[in-house]
Structures are given as C-alpha cells and as structure tokens.
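Notes follow once the structure below has been shown.
Here you go:
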C-alpha cells in the first residue's frame, strides 16, 4: 500500500478470495479501519 509517497506492508487482513480468478476483496469493515 502506498500513501503520500510512503510504502506500507499490511499483513493478516481478512479477505474473500475468488475461487475462479484469485482476486481478493475486502469488506467495508476492514477497509474503514
């Protein structure tokens, strides 16, 4: 993740993963934190 030119590593974020394509999606609860 990049913010204002700085990089951050975010680990252990709960996500739903599409079984067909592997795309990860995050709930509004997770992204609002």
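Residue numbers (the numbering used here): 236 to 268. Built from N, CA and C at the ideal position, the CB exists for glycine as well. Bear in mind the structure is a predicted one, so any value in this text is a computation, not a measurement.
{"Query": "Element boundaries [alpha helix (DSSP H), containing residue 250]", "Result": "Segment: none, residue 250 is in no alpha helix (DSSP H) and carries neither H nor E."}
{"Query": "Cβ distance (whole Å) where residue 250 is taken to contact residue 260 below 8 Å", "Result": "6 Å"}
{"Query": "C-alpha distance - residue 258 paired with residue 252, whole-angstrom precision", "Result": "6 Å"}
{"Query": "Residue(s) in a DSSP beta bridge with residue 241", "Result": "238"}
{"Query": "Cα-Cα separation between residue 238 and residue 254, rounded to whole angstroms", "Result": "30 Å"}
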